[in-house]
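Protein chains in written order, with my numbering: chain A, 1 to 599; chain B, 600 to 1198.
Quick reminder that beta carbons are idealized off the backbone N, C-alpha and C, glycines included.
Because the structure is a prediction, the values reported are computed rather than measured.
Taking it in order: structure first as C-alpha cells, then the write-up.
There are 2 protein chains.
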Amino acid sequence: MKKIGFLCMMCLLAACGEQRVAIYHNGKADDSTCDAVDFSRDMGKKGKAKIIKKITFDPGQYDFYPDFANEKYMFVSNNDEGLKRIVFLWDELSDVEFDGNGATFIFHGFLNPFVLNRCKNITFRNFNIDWKRTFHSEGKILDVNEEYLDVRFSEEYPYKIIQGMLVFTGFPSKTTDKGPRAIQTTLNREENEIYPVRGMLEFDAGKRETAFQAWDYGISALGTVPALALGDRKVRIFRKGVKATVGNMMVFGACNRNIPAFSLSDCENIRFENIHIYHCGGMGVIGQRCRDIELHHCKITPSPGKDRIVSIPADATHFVNCSGRIVLNECLFENQMDDATNIHGIYVQIIDKRIVSDQDVIDVRLIHNQQFGFDFIKPGMELEFVDGMSMNTYHVNKVKNVQRINKEITRVTLESKLSEDVKIGDAVCDASIAPEIIISNCFIGKNRARGILLNSRGKTIVEGNTFHTPGAAILLEGDARYWFEQAGVRDLQIRNNVFDNCNYGVWGWACIETRPGIDASKRAENRYNKNIVIENNTFKIFDNRILNFYSTDGLIFRNNKIELSTDYLPQNQDKPHFVVEHCDNVDIEGFHENREVKQ
Amino acid sequence: MKKIGFLCMMCLLAACGEQRVAIYHNGKADDSTCDAVDFSRDMGKKGKAKIIKKITFDPGQYDFYPDFANEKYMFVSNNDEGLKRIVFLWDELSDVEFDGNGATFIFHGFLNPFVLNRCKNITFRNFNIDWKRTFHSEGKILDVNEEYLDVRFSEEYPYKIIQGMLVFTGFPSKTTDKGPRAIQTTLNREENEIYPVRGMLEFDAGKRETAFQAWDYGISALGTVPALALGDRKVRIFRKGVKATVGNMMVFGACNRNIPAFSLSDCENIRFENIHIYHCGGMGVIGQRCRDIELHHCKITPSPGKDRIVSIPADATHFVNCSGRIVLNECLFENQMDDATNIHGIYVQIIDKRIVSDQDVIDVRLIHNQQFGFDFIKPGMELEFVDGMSMNTYHVNKVKNVQRINKEITRVTLESKLSEDVKIGDAVCDASIAPEIIISNCFIGKNRARGILLNSRGKTIVEGNTFHTPGAAILLEGDARYWFEQAGVRDLQIRNNVFDNCNYGVWGWACIETRPGIDASKRAENRYNKNIVIENNTFKIFDNRILNFYSTDGLIFRNNKIELSTDYLPQNQDKPHFVVEHCDNVDIEGFHENREVKQ
C-alpha cells in the first residue's frame, strides 16, 4: 500500500501559526505515489484550527489516496450525498491562508479534496487539482450506424466487459504481491472500483467543444450499456440511433456527483485565487448556505498535457441559498459537463398542512434527490409560499419551530395563521435569499449545457465576459415542480460582454433567455423576473436568436452590437432575434423587425 | 401519499408508563395502507424512554412506510452499512416490554423495523414481521438448457427489462394522480425502487427446501442479468450452464443486506418471545457487541398464505463480539438464504506497525466490507495477536489509546512492547470474547448453506434440536484471511439432537465439521478448537459423512445412533463417517472401520 512516511520525505514546519509542507520524491511523476493524506487529516481539527493560520506548500506533485482519509456523511446540494472520504475536512476554521505555490494535488479514487463547514475568512491560492482516473471516460469514435457505435478507449480509461455490459473501472493494481486475499484486497482496491456512467455526449475533436447540435444519449439506470470487446481497446456500444462523427470523442458522463473539488457549507468569506481544477467527481466549487465567496483567476479546464477533452463532470461552480457577495472574476470555465455557474435558492414542497394545538403546521419535502438533507428552514425565518403552477408568491409567514423528520421531510410550525390558499403541492422558500453577484472578465464555454444561471434577487452584474456556450449563455430559470430552484432576478445588468457563436448545441433558445418553470397557462399572470438591462454587448451570431423572454417586467436592450457569423451552420434563420411573451416595460432598441411579441 | 391521521384512526393510550396502540381500518388487507410510522418515530427518543415501560398493540395489521421514518447512518456487522430509514429507533431505552398481541407489521420498501442502540432489559413478544415486496424474487422454472433459463414471475415479484437486463422493482403505484411531476415522484417511489440481485439458487418446489445439490449461480456485480421478456410474465435469463429442474423455483437472491429485522448494538438483556419474521432485507436478529440475548419460540419462516419459498435473504440470527448468554430455544429457522446462526468475534488485520514517541503503534483494518465501521477496540482491552496463516495466537497486548481513522482503519497505541514476531497481515482480536451459548429444541433447515456456526470460547450447548440442512448442520469456522471471523470453541456439547438427512446440498463435508481457515500447510501446528463432546444424537444419513475435523484437541463421539436413509441419492458412499486430521485426544466410539485419521 502506498503510504507516506518512509519512502517519501515530508516536512511539516510549524512555527508561529504557519505550517509549511514539502514533499520530496524521486522526481518522476509516475513514482510520486506516497500518500499525502496523513498530514492533512488532522489539520482541520478544532484544536489545530486556532493555531494554524498559514499553510504553504513547496512546489511539486502531492498524491492523495482514500485509505487513511477522514470520513463524513455529507449532503451537498446539487451533488450526491454519501459517506465520503475527505482530505481536508475543516470544521469551524477561520483566518487561514492556504498557498500551494503552484503545487499539483493528484487525487486517487473516491476522495473529496476540500470540505469546509462553518469556516470563515479562508483564502486558497496557487494550486492545481487533478485526478489519476477520471470519473467520466472518453472514447474516440471509430464507426457509427443505426445499431451501434465503435469507440476506442485510451489507457487512461480502464474498463471491463462484464456479462456483455461496459463497466469502467479504476486502474489495475501494479502490485504483484501474492499474499493472502485480504492484503490483495487492500492493494487492488482501485482495480475493483466501478465508475458508473449516465449518458453519452459527443465532443468535437478539432474544436475541442461539445459537437455541433449534439444530444445527450441516455444510458440506463444501471450505469452501464451493452457492449462487445473488439480487441485493441476497441469496444462496440449497442445503443441504437446514435448520430456522431467518426474521429470525434464520445464522452461517457459520470453517473454521480460524489466528489466536488470544494464543498462549502455555512461558510463566510471564502476566497479562491489562481486555483486550477482540471478534474474532480462533482462540481468544482459548490457553496451552500454560505456568505461571500469569491473566485479570482481560477480555471476549470481539462488537464494540461493529457488528451482529455472534458474538465469536470458537473457545473464549474454552483451556489445555493447563499448570501452576501458572489464574485467570479477573470476565470476560465471550459469543457465541464454542465453550466459554469448556477446561483439559486431552494424550494421545498408542501405535502401536508394541519392545525396542531391551535398552531398551523406544514410538512415540507425536498423533492429533487440531490437536494435531500439541505436543511435551511430555521426558527424566525420568513418563508414565502409560492403557487406550484404560476410561481406567484401569495403568502408569507414566519417559522416558529422546526422538526427535521429525515433528509427529505421537515415539519414546520408557523408563527401566524396560514392563508387558506395554501395547498398541497405548492412550494416554500426562504424569502431573504438575495446575494449580490458579479461575474466579470471570464471566458465561459465549450462545455455541456448553458453558461450562467442567474437567479438571485440581489444586484447582479455580468460584465466583460466572453461566452461560447452550446446552450444559452445566460439563463434565468427557477421552478417549483422539477428542479425546485428558487429564482427570479430583480436587478440584472449584462454589459460589455461578447456572445461568441453561442447556441451551437441543443440547450437553449437564445443567447439570453428566461425559462422559469411557470406553467404555460399561467405565464400571463406572473412577472417572475424584473429589471434587466442588456447593453454594450457584442452578439456574434450564426443563429438568429438573441433574446427569448417571458413573464418579465422591465427589459432594456440597448447599444448592443450584432455581428453575423458563418462559423456554424444556422439552424433558425426563420426565427427573430427577439422573442418576448407576457412581458411589461420592454424597451428593445433597434431591431423592431426582428422582434416577436406575444401578449 | 399514504399517511396516518385522517383515513385511519389510531389510538395511543398513554397512562402509567403504558402505551397502547390500536389501529382501525376498513379491515381489508389491501386497504390497510395508512402509515403507522408517525406514532413509532418518537417512541425511542430519550425523554420518552424514561416514561414508556410497556407498549401493547391491538391485534391487526399495521403498515409502515419509509416516507416519515427516522433516519440514521448505521454500520451493522455482516449486513450492509448505509443511511437507513428506521421505524423503531431506540437509543438507551431500558426496561420496556413490547407486546404485539399477535399483530402483523407489514413494511413497505427500504425500511428497518427495529434498531436498538445501548438498550437494556427489553422484551419483544407476540408479533409478526413481513414485507409487501420481498428483497429477493422467485420465478418458476419453465425451461432450462445450456444457454438460458426460462422462468415465470408471479405478480408478487415486479420487474422490468431495461436495456436487455432484468431489473426487479417495487410495485407499480396505484395512483392515477396527474399532478405535477414532483407529486408523482413522491407517489411513485416504490415503482422506481430497484431490488438488485446477486445470484440464483434453485429450491425444490415439492420439498420446499434448497434443491438437491443445487449451487449458487453468481450474477454480475451489476445486480442484474441479461434477459428477454417473453410475455405473460415469462422471462428468458441468459446465464450459461445453469442446471435446474422444470417446476422448481429459481430464487434470485438479494444483493444487499440493508434491512435486518432487529439490529442490536451494544445492548444488554434483550429477549424475543413468539416473534415471527416472515421476511426482511437482511438478517433476522443481528446482535453486535451485546450481552445476553435470548430468543424463545421465534420463527423465521416464509410468509404464511403466500407462495413464497424463501423466508429471509440472510442468516436467521447472527451475533458478533457478544458476551453473556445467547439462547435460541424452541425456535424454527427455515428457508432463509443463509445460516440459522453464526456466533463469532471479529479479526482486524495489521496493516502497519511503528514506534511513535517510544510507544508501539499499529494500524489495523477491517477487511470484510460488511464489517466496516465495527469499532470494537477500546482502551484497556486485551488484544490477541494471531498469525494469519496458522491462526496461532502468539502475542497478547493491552490497548492504551485508540484513534479511529475511518470506517476501515483504526490506529492503536499499545501498553507494552510489541513482540518482534508481529507482522503486517496478521490479525488482532478482542481476547475476552466468550459468550455462553445454548441452542435447544429448535428446528433448523431447508435453508441455503449451513445450520449453526459455533465459534465461541464460552460454554456452548446444542441440545434437542432437529437439523435438516443442505450443508453442515454444525460448523466450527473462523479465519483471519477471508471472512475475518474470530472463532475456536473451548467447551462444546452436542447432545440429543436429530441430524435428519443433512448435507443434501453443497455447503459442507459432514454433519458436524470444523473448517477454520488455517492454511493447509499449518494445520498440524494448531489446535484451534478444543473439548467437543457429541453424544446421544441420532444421525439419519443418506450420505456417509458424519464428522470432518482438523486441528482439534479433544473430540468425544459417544452413544450416538446412526440410521441409514434412502431419502436422497447418496453422493459419498466411498467416504468414511469420520475424517479426523491433525487432532489430539480423539475418542470416537464404535465405527472404527469408518474412521479416517491423518496425522
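THR224(A) versus chain B: which residues are under 8 Å apart at the beta carbon? For the purposes of this step, residue 224(A) is taken as residue 224 along the first sequence, with counting starting at 1. Neighbours of THR224(A) on chain B, chain order: LEU821.
Measure the C-alpha to C-alpha separation of PHE973(B) and CYS331(A) and round it to an integer number of angstroms. As a working note, residue 973(B) is residue 374 in the second sequence. As a working note, residue 331(A) is residue 331 in the first sequence. Cα to Cα, the separation comes out at about 45 Å.
Simplified DSSP state of GLN969(B), which is helix, strand or coil: The count along the second sequence starts at 1 and reaches residue 969(B) at position 370. Of the three classes helix, strand and coil, the one that applies to GLN969(B) here is helix, per DSSP.
What distance in whole Å lies between the Cβ atoms of VAL327(A) and GLU294(A), which are believed to be in contact at a cut-off of 8 Å? Counting from one through the first sequence, the residue named residue 294(A) turns up at place 294. Counting from one through the first sequence, the residue named residue 327(A) turns up at place 327. Going by Cβ atoms, the distance from GLU294(A) to VAL327(A) rounds to 4 Å, so yes, they are a contact pair.
Looking only at its chain, what residues have a beta carbon closer than 8 Å to the beta carbon of ILE1210(B), apart from the 5 residues adjacent to it on each side? This structure cannot settle anything about residue 1210(B), because the visible part of chain B is limited to 600 through 1198.
Closer than 9 Å by beta-carbon distance: list the chain A residues that pair up with ILE1004(B), in chain order. In the second sequence, counting from the first residue as 1, residue 1004(B) sits at position 405. Correct list: ARG41, ASP67, PHE68, ALA69, ASN70, GLU71.
8 Å is my cut-off, CB to CB: does ILE141(A) come that close to chain B? Translated into positions along the first sequence, residue 141(A) becomes position 141. No - not a single Cβ of chain B is within 8 Å of the one on ILE141(A).
If I measure Cβ to Cβ from ASN873(B) and keep anything under 6 Å in the same chain, skipping five residues before and after, which residues do I get? Position 274 of the second sequence holds residue 873(B). If we look at ASN873(B) and ignore the five residues flanking it on each side, its Cβ neighbours are ARG724, ASN725, HIS896.
Please list the partners that ARG152(A) has in chain B, where partner means a Cβ-to-Cβ separation under 8 Å. Here residue 152(A) refers to the residue found at position 152 when the first sequence is read from its first residue. Those within 8 Å of ARG152(A) in chain B number zero; the least Cβ separation is about 22 Å.
What's the gap between the Cα of ASN192(A) and the Cα of GLY109(A)? The count along the first sequence starts at 1 and reaches residue 192(A) at position 192. The count along the first sequence starts at 1 and reaches residue 109(A) at position 109. About 11 Å.
Chain A contact residues for ILE761(B), given Cβ-Cβ distances below 8 Å: Position 162 of the second sequence holds residue 761(B). Here the neighbours are SER220, ALA221, LEU222.
Output needed for ILE966(B): all residues of its chain with C-beta closer than 7 Å, excluding positions within five of it in sequence on either side, in chain order. Walking along the second sequence from the start, residue 966(B) turns up at place 367. Excluding residues within five positions, the ones whose Cβ falls inside 7 Å are GLN948, PHE1083.
Beta-carbon within less than 6 Å of THR722(B)'s beta-carbon, same chain only, minus the 5 sequence neighbours each way: which residues are those? Residue 722(B) sits at position 123 when you count from the first residue of the second sequence. Once the five neighbours on either side are set aside, the close Cβ partners of THR722(B) are GLU696, ARG870.
Closer than 7 Å at the beta carbon, the chain B residues around LEU83(A): The residue you call residue 83(A) lines up with position 83 of the first sequence. Per Cβ cutoff of 7 Å: TYR672.
What's the C-alpha gap between ARG832(B) and PRO795(B)? Reading the second sequence from its first residue, position 233 is the one you call residue 832(B). Reading the second sequence from its first residue, position 196 is the one you call residue 795(B). Rounded to the nearest whole angstrom, the C-alpha separation of ARG832(B) and PRO795(B) is 18 Å.
If you draw a straight line from the alpha carbon of GLU408(A) to that of GLY1153(B), how long is it in whole angstroms? Along the first sequence, read from residue 1 onward, the residue named residue 408(A) stands at position 408. Along the second sequence, read from residue 1 onward, the residue named residue 1153(B) stands at position 554. Going by the C-alpha atoms only, they are around 58 Å apart.
Cβ of ILE309(A) less than 8 Å from any chain B Cβ? Numbered from 1 along the first sequence, position 309 holds the residue referred to as residue 309(A). Judged by the 8 Å Cβ criterion, ILE309(A) is not in contact with chain B.
Please tell me whether PRO516(A) and SER565(A) are closer than 8 Å, where the distance is taken between their beta carbons. In the first sequence, residue 516(A) corresponds to position 516, counting from 1. In the first sequence, residue 565(A) corresponds to position 565, counting from 1. The criterion of a C-beta distance shorter than 8 Å is not satisfied by PRO516(A) and SER565(A).
Can you find the residues in the same chain that come closer than 6 Å, C-beta to C-beta, to PHE168(A), ignoring five residues on each side of it along the sequence? In the first sequence, counting from the first residue as 1, residue 168(A) sits at position 168. Excluding the 5 residues flanking it on each side, PHE168(A) has same chain C-beta neighbours closer than 6 Å at SER137, TYR159, TYR195, in chain order.
Excluding five sequence neighbours on each side, which residues of the same chain lie with their C-beta closer than 6 Å to the C-beta of ASN1158(B)? On the second sequence, residue 1158(B) is found 559 positions in, with the first residue counted as 1. So the qualifying residues of the chain are GLU1134, ASN1135.
Using DSSP bridges, identify the partner residues of THR1224(B). Given that chain B is displayed from residue 600 to residue 1198, the structure contains no residue 1224(B) and the question cannot be resolved.
In its own chain, which residues sit with a C-beta less than 7 Å from the C-beta of TYR482(A), not counting the 5 before and 5 after it? Position 482 of the first sequence, counting from 1, holds the residue named residue 482(A). For TYR482(A), where only same-chain residues beyond five positions count, the Cβ hits under 7 Å are GLY517.
Looking only at its chain, what residues have a beta carbon closer than 6 Å to the beta carbon of SER154(A), apart from the 5 residues adjacent to it on each side? Position 154 of the first sequence, counting from 1, holds the residue named residue 154(A). Around SER154(A): no qualifying Cβ.
Can you give me the start and stop residues for the beta strand (DSSP E) that TRP131(A) sits inside? The residue labelled residue 131(A) in the question sits at position 131 within the first sequence. Start and end: 120-131.
Would MET882(B) count as contacting chain A if we go by Cβ distances under 8 Å? Looking up residue 882(B) in the second sequence gives position 283. No, MET882(B) lies away from the interface with chain A (no Cβ there is under 8 Å from its Cβ).
With DSSP collapsed to three states, give me the class of PRO180(A). Within the first sequence, residue 180(A) is the residue found at index 180, counting from 1. Any reading at PRO180(A) must be qualified, since the residue scores a pLDDT of 39, below 50, and its modelled position is unreliable; the value itself is stated next. Assigned with DSSP and collapsed to three states, PRO180(A) falls in coil, not helix or strand.
Three or more C-beta pairs under 8 Å: does that hold for the stretch 410-429 of chain A against the stretch 446-458 of chain A? The stretch 410-429 of chain A, when compared against the stretch 446-458 of chain A, does not touch it at the 8 Å Cβ threshold.
Fully enclosed by the stretch 413-498 of chain A, which beta strand (DSSP E) runs are 3 residues long or longer? The qualifying runs are 427-430, 436-440, 443-445, 452-454, 460-463, 466-468, 474-476, 492-495.
The ligand HEM and ASN248(A): does any heavy atom of the ligand fall closer than 7 Å to the residue's C-beta? The ligand HEM is not among the ligands present in this structure, which contains no ligands whatsoever.
Leaving out five residues before and five after ASN1125(B) in sequence, what residues of the same chain have Cβ atoms less than 7 Å from its Cβ? Numbered from 1 along the second sequence, position 526 holds the residue referred to as residue 1125(B). SER989, MET990, ASN991, ILE1117, SER1150, listed in sequence order.
Are there 16 or more other CB atoms within 10 angstroms of the CB of ASP914(B), so buried, or fewer, so exposed? Walking along the second sequence from the start, residue 914(B) turns up at place 315. Buried is the call here.
Are GLY1057(B) and ILE1036(B) close, meaning C-beta to C-beta below 8 Å? Along the second sequence, read from residue 1 onward, the residue named residue 1057(B) stands at position 458. Along the second sequence, read from residue 1 onward, the residue named residue 1036(B) stands at position 437. Yes.
Of all the residues that make up the stretch 576-588 of chain A, which are near chain B by a beta-carbon distance shorter than 9 Å? If the cut-off is 9 Å between Cβ atoms, the stretch 576-588 of chain A has nothing near chain B.
Which residues bound the beta strand (DSSP E) around THR393(A)? Against the first sequence, residue 393(A) aligns to sequence position 393. Taken as a continuous stretch (DSSP letters only), the beta strand (DSSP E) holding THR393(A) covers 393-404.
Can you find a CB in chain B that lies within less than 8 Å of the CB of ILE259(A)? Taking the first sequence and counting its residues from 1, the one referred to as residue 259(A) is at position 259. ILE259(A) has a beta carbon lying at 8 Å or more from every beta carbon in chain B.
Tell me whether ILE1140(B) is buried or exposed, calling it buried when 16 or more other Cβ atoms sit within 10 Å of its Cβ. Here the question's residue 1140(B) lines up with position 541 in the second sequence. Answer is buried; the Cβ neighbour count reaches 16.
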